[in-house]
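Colleague: Those protein sequence lines, which keep their order, are chains A and B.
If you're matching positions, the first sequence starts at 1 in my numbering and goes up one per residue.
If you're matching positions, the second sequence starts at 1001 in my numbering and goes up one per residue.
For each residue, glycine too, the CB sits at the ideal point set by N, CA and C.
Protein chains: 2
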Amino acid sequence: MATPTRADAAALDDRDPLAPFRDRFVIPDADLVYLDGNSLGRPSHAALTRLDEVVRRDWAEGLVRSWERWIEWPLAIGDRIGAAALGAAPGQVVVSDSTSVNLYKLASTALDLRGDRDVLVCLDDEFPTDRYVLEGLAAARRAEVRTVPADPVDGLDPSRLSESLDDRVAVVLLSLVSYRSGAYLDLAAVTEAVHAAGALVLWDLSHAVGSVPVELDAAGVDLAVGCTYKHLNGGPGSPAFLYVRRDLQETASQPIWGWWGQRDLFAMGPAYDPEPGIARFLVGTAPVPSLALVDEGVRLVAEAGIDAIRAKSRALTALLVELAEARLAPLGFELASPRDPDRRGGHVSLRHDEAWAVCRALVERAGVVPDFRSPDRIRFGPSALGNRYVEVWDAVDRLVGLMERGEHREVDTGARKVT
Amino acid sequence: MATPTRADAAALDDRDPLAPFRDRFVIPDADLVYLDGNSLGRPSHAALTRLDEVVRRDWAEGLVRSWERWIEWPLAIGDRIGAAALGAAPGQVVVSDSTSVNLYKLASTALDLRGDRDVLVCLDDEFPTDRYVLEGLAAARRAEVRTVPADPVDGLDPSRLSESLDDRVAVVLLSLVSYRSGAYLDLAAVTEAVHAAGALVLWDLSHAVGSVPVELDAAGVDLAVGCTYKHLNGGPGSPAFLYVRRDLQETASQPIWGWWGQRDLFAMGPAYDPEPGIARFLVGTAPVPSLALVDEGVRLVAEAGIDAIRAKSRALTALLVELAEARLAPLGFELASPRDPDRRGGHVSLRHDEAWAVCRALVERAGVVPDFRSPDRIRFGPSALGNRYVEVWDAVDRLVGLMERGEHREVDTGARKVT
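1. Run through the DSSP bridge pairs and tell me what THR1147/B is partnered with.
2. Mind listing the chain A neighbours of LEU1242/B? Cutoff is C-beta to C-beta under 9 Å, in chain order.
3. Would the beta-carbon of ALA88/A fall within 9 Å of that of ILE81/A?
4. Strictly under 9 Å for the Cβ-Cβ distance: is TYR1389/B near chain A by that measure?
5. Helix, strand or coil for ALA197/A? Go by DSSP, reduced to three states.
6. Can you find the residues in the same chain that come closer than 6 Å, C-beta to C-beta, to GLU391/A, ignoring five residues on each side of it along the sequence?
7. Between SER1374/B and chain A, is the shortest Cβ-Cβ distance under 9 Å, so that the two count as touching?
8. According to a CB-to-CB cut-off of less than 9 Å, which residues of the stretch 249-271 of chain A neighbour chain B?
9. Put ILE1027/B into one of helix, strand or coil per three-state DSSP.
10. Using the Cα positions of ARG1022/B and VAL1396/B, report the straight-line distance between them to the nearest angstrom.
11. With a threshold of 16 other CB atoms inside 10 Å of the CB of GLU1126/B, please say whether the residue is buried or exposed.
12. Looking at chain B, which residues of the stretch 3-23 of chain A have a Cβ within less than 7 Å of any of its Cβ atoms?
13. How many angstroms separate the CA atom of THR419/A from the CA atom of CYS359/A?
14. Who are the Cβ neighbours of VAL1244/B in its own chain at under 8 Å, not counting the five residues just before and after it?
15. Between ASP1016/B and LEU1319/B, what straight-line distance do the alpha-carbon atoms span, to the nearest angstrom?
16. For the stretch 1128-1156 of chain B, which residues have a CB atom closer than 7 Å to at least one CB atom of chain A, in sequence order?
17. Which chain B residues are close to ASP79/A, counting only those with a beta carbon under 8 Å from its beta carbon?
18. What did DSSP end up calling THR1419/B once you bin it into helix, strand or coil?
19. Around the C-beta of ALA1218/B, are 16 or more other C-beta atoms found within 10 angstroms, so that it is buried, or is it exposed?
20. Where does VAL298/A fall in DSSP's three states?
21. Between which residues of its own chain and GLU437/A is the CB-CB distance below 7 Å, once the five residues before and five after are set aside?
22. How is GLN262/A classed by DSSP in three states: helix, strand or coil?
23. What residues of chain B sit near ASP29/A, judged by a beta carbon separation below 8 Å?
24. Note down the Cα distance separating VAL1064/B from ARG365/A, rounded to an integer number of angstroms.
25. Going by alpha carbons, who is nearest to GLY210/A out of HIS231/A, SER238/A and VAL201/A?
26. Return the first residue and the last residue of the beta strand (DSSP E) that HIS315/A is part of.
27. Short of 9 Å Cβ to Cβ, which residues in the stretch 280-298 of chain A face chain E?
28. At a CB-CB cut-off below 7 Å, which residues of chain B make contact with THR99/A?
29. Does DSSP put ASP1058/B in a helix, in a strand, or in coil?
30. Determine contact between the stretch 1048-1066 of chain B and the stretch 1250-1270 of chain B, defined as no fewer than three beta-carbon pairs at a distance below 8 Å.
31. Hey, does THR1419/B have any beta-carbon neighbour from chain A nearer than 9 Å?
32. When DSSP labels each residue in this structure, what does ARG1245/B get in the three-state scheme?
33. Tell me whether TRP70/A sits in a helix, a strand or coil according to DSSP, three-state version.
34. Pull up the distance between the alpha-carbon of GLU1135/B and that of ARG1042/B, whole angstroms please.
35. Any beta-carbon of chain A closer than 9 Å to the one on CYS1227/B?
36. What distance in whole Å lies between the Cβ atoms of GLY1345/B and VAL1177/B, which are believed to be in contact at a cut-off of 8 Å?
Dropping the structure here:
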């Protein structure tokens, strides 16, 4: 089959039902190919308008009186994320804290709920904070972390997981979409395998939410956390969410007993008496400006529909894989994501010996923004709402050009850089 | 002495060196007397301009590349709070998480540092989240919370504290300025008393920071946390700060092992290896928009100078106390804050049998915003940067008027309200 041309990509854009969504975002430089929406999504116009309302009307004019409205947001926006992107009925999701803090709260909750078990399981290449949080919790709780080997490209082989589970395992923490390879697990099947071993499952949905359909209720998932600044476009450092299945809530206790988890918050009673429902997983005062940004991000996902987003996301990454195999393989790039689109989430990683220099050159010389993941991966995360197919084509084309000109040998790779 | 007249208050404004700072804030309704800056401070014009830059330039244009700058903010802004308002040399303060989460981290740290001790001490009327966090930690760590009685108006009698300390006490958690009464402790003397018992001190500076001078380094304080949305004007739900004395940092470990505390964050190494310094107390991704707002709030405090702020704050509350005793006492109000200005922070509480109804009437009928604290207190927290003396006078005058007209008997007190 012939390698797709730019005209082929443009034809895909022409019949893309989500194409109009691009104009909903603030895109000051239309020539910049931004393929890092899985690290930090773009702001929408609606989000910035809403932020303005929140600070100029709610805060400056309403002042403390606005808390009468704001106070509902952690639960209300949680419900909206649940409905739009998690397959979760109301009353099971809150927006609160960072993903790391929520991982800590829920992994600790899981240890309490499985009080006779003392092993925490995760993959050996799980996202760092997930591994570190479990390690810290294990040290404090005299528990043990057991890591399961996962293929760095294809991710977990489900049969390896079952082999690693026994009656000491309290909880299994897994990313639905791997941060590095994009490997995409089968939520229902893995949840069932974990339950078969008598353990609880804690899903990290950071790279999945807003990109692939997630059906937490249908799969009987116990616990989940996720990030809102990637495909939900909540802005830098926006608060994370957490999910606790309804029937676990009443018996579940989380370790950080803050006033926002207290029944009748402003009664300020003498002893901690947590809310009966999901609100007991709140801790401190909610970050209002960022909550508003998250809300607008979720509304866009709801409007577009997660199935349409997934369909376009699959097609975007498929185009990228096809172009990479045809045009980048000869230049030393290897696909480091699952080739099967059913096993791949919304981003694609390529391995290259000089990945860091290539990444810098793309950003500095080619107007393409991917990101780098140590030690040798370049990660491309096109946004189904914000990116066009021609941008994927242009990114590959610009990359081919800079490699042929050797520009990656000319950039400064010394300074520590985030991307 | 004659009761101060409005002209007396206006004369104080005329010679107020901080008077020009009022124009730095966004004040859409100049007739509204806002006396709840100790719950939620106002936005400054500079803060809203900065927020606009952060979202429109840094986020929308710079996208993920802006993390190269943002990543320094939790420490850099922490240092600025330290210099402007805490008497803390650089490298000891970070902005991170909520006050509740930071209390949890540092109280846990204290228990680890005093491994042979198992008692956590706080006052019986300490702010709810402080008490609840200790209660949760005690339950998890097989420790015990010991509460020390404090006078509901005058606060802690330091001799009562020493009586309550023995060699089981690991940490004493105290608010420098009490959230309800405004009672203001002697930081150095109390710290010394706690140290004399071999315990660590953990100060909650939420109602103190930006309102009264704090000298953490000079007093040899071990640990502290505080809020940035009160006198630092960081906006609703802005992240909190924490302080760990430099010589404790290397041996201190906090319980939530997140990736932002990791040495060389983006190397994403196999095991948790925390930063050697204060950065190990970070957990997850920093909330960038709110950090920018905090930064601008701190800059205003630095520019005005904390001593000038304290001087005006004392004078504002002294005027309020004088007017309350002359004009409100006959209407059933009692002073519920220390009368001695040296023992009072930046807010004044009044007790009244119908406090809740009075509070609603002030907000709804009189254009005065104080706040209510269960069960019978009305709290007035004038801002030295944002309020004028005549506003304090007007607030009392309007309150006298509405009581005389019986308007507090006419408002709806049924609905749950935040203020």
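Modeller: Once the coordinates are examined:
1. CYS1122/B
2. Those do not exist, as LEU1242/B stays about 13 Å from chain A at its closest Cβ, beyond 9 Å.
3. yes
4. no
5. coil
6. VAL33
7. yes
8. SER253, GLN254, PRO255, ILE256, TRP257, GLY258, TRP259, TRP260, GLY261, GLN262, ASP264, LEU265, PHE266, ALA267, MET268, GLY269, PRO270 and ALA271
9. coil
10. 20 Å
11. buried
12. none
13. Only weak support is given to the placement of THR419/A: the predicted model assigns it a pLDDT of 49, under 50, and the value that follows is read from those uncertain coordinates. Using only the alpha carbons, I get a separation of about 8 Å.
14. GLN1092, LEU1106, THR1109, ASP1222, LEU1223, ALA1252, ILE1278 and PHE1281
15. 14 Å
16. PRO1128, THR1129, TYR1132, VAL1133, GLU1135, GLY1136 and ALA1140
17. The premise fails here: ASP79/A is roughly 19 Å from chain B at the closest Cβ pair, so nothing lies under 8 Å.
18. Reliability of the predicted coordinates at THR1419/B is poor, the pLDDT of 49 falling under 50, and the value obtained from them is presented with this limitation in mind. DSSP places THR1419/B in coil when its eight states are reduced to three.
19. exposed
20. helix
21. Residue 437/A falls outside the range modelled here, since chain A spans only 1 to 419, and no answer is possible.
22. strand
23. GLU1061
24. 16 Å
25. HIS231/A
26. In the sequence on display, residue 315/A carries Ala and not His. Premise fails: ALA315/A lies in the alpha helix (DSSP H), 306-323, not in any beta strand (DSSP E).
27. The question asks about chain E, but that chain is absent: this structure's protein chains are A and B.
28. GLY1284
29. helix
30. no
31. Bear in mind that a pLDDT of 49 at THR1419/B, under 50, signals an unreliable position, so the number given afterwards is only what the model happens to contain. Yes - at least one Cβ of chain A is within 9 Å of the one on THR1419/B.
32. coil
33. helix
34. 33 Å
35. yes
36. 3 Å
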